[in-house]
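In our numbering, the protein residues as written are 39 to 217.
By construction, the Cβ of each residue, glycine as well, lies at the ideal position given by its N, Cα and C atoms.
All values derive from a computational prediction rather than experimental measurement.
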Ligand code: NI
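Pasting the structure below:
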């Protein structure tokens with residue numbers, strides 16, 4: 039399909055509550071998913087949400103190989119997740135550096151639930167139900183936040199831990215693209 043323009047922070051369309059998907063398995067939905075993959079891969083992202091390309095739908099895609107996830111963590115399978123629901127499975131949060139295709143060039147230290155369950159469906163309506171931790175849990179929470187109009191800078195608790203990628207890298211605080 040096609041790489042799409044990614045909306046950047048400041049665009050009001052990024053702050054809407056996205057609409058649930060009701061028609062599954064349609065050509066339109068499959069085309070949206072293909073555009074999301076093409077756009078994510080072209081920009082070397084680990085995930086992207088439909089609102090980031092201006093589409094009002096609760097659809098996210100994500101994937102990460104072993105070089106992108108933390109040491110010893112399993113890769114994140116290529117996943118299309120629609121109408122997701124996330125449940126934290128304990129009260130522990132971890133801090134990790136995040137980036138976002140809608141906030142280019144920046145990185146920030148964001149707290150996320152360490153251990154979550156997420157459910158939803160894929161583009162054909164097949165059920166997804168997973169229990170995950172670490173990078174996988176982080177990327178799911180980051181992408182699903184987009185469906186509720188939340189960008190990661192809104193989650194940062196210490197704004198001194200938010201900055202330009204090259205500066206936080208030089209300072210040794212962040213070493214690889216997390217998202
Ligand atoms: Ni993002």
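Could you check which residue in the options has the C-alpha nearest to that of residue i?
i           : options           : result
residue 54  : 69, 73, 92, 122   : 92
residue 199 : 81, 80, 95, 134   : 134
residue 189 : 79, 90, 161       : 90
residue 122 : 184, 42, 201      : 184
residue 101 : 76, 187, 41       : 76
residue 173 : 42, 187, 144, 106 : 106
Is DSSP giving residue i helix, strand or coil here?
i           : result
residue 56  : coil
residue 47  : coil
residue 117 : strand
residue 91  : helix
residue 107 : coil
residue 130 : coil
residue 125 : strand
residue 216 : Legend: pLDDT at residue 216 = 49, less than 50; position of this residue unreliable, no value from coordinates given.
residue 62  : coil
residue 141 : coil
residue 72  : helix
residue 81  : coil
Would you mind giving the Cβ-Cβ distance between residue i and residue j, rounded to the nearest angstrom? I have them listed as a contact below 8 Å.
i           : j           : result
residue 118 : residue 71  : 5 Å
residue 74  : residue 114 : Wrong, their Cβ atoms sit about 15 Å apart, outside the cutoff.
Between which two residues does the beta strand (DSSP E) carrying residue i extend?
i           : result
residue 186 : Looking at the DSSP string, residue 186 is not in any beta strand (DSSP E), and its letter there is neither H nor E.
residue 157 : 153-159
residue 102 : 97-102
Do residue j and residue i come within 8 Å of each other at the CB atom, strictly closer than that value?
i           : j           : result
residue 192 : residue 154 : no
residue 56  : residue 95  : yes
residue 86  : residue 120 : no
residue 148 : residue 47  : no
residue 24  : residue 150 : As displayed, the chain neither begins before 39 nor continues past 217, which places residue 24 out of reach and without an answer.
Identify the continuous alpha helix (DSSP H) that holds residue i and give its terminal residues.
i           : result
residue 169 : Per DSSP, residue 169 belongs to no alpha helix (DSSP H); it is in the beta strand (DSSP E), 165-171.
residue 206 : 203-208
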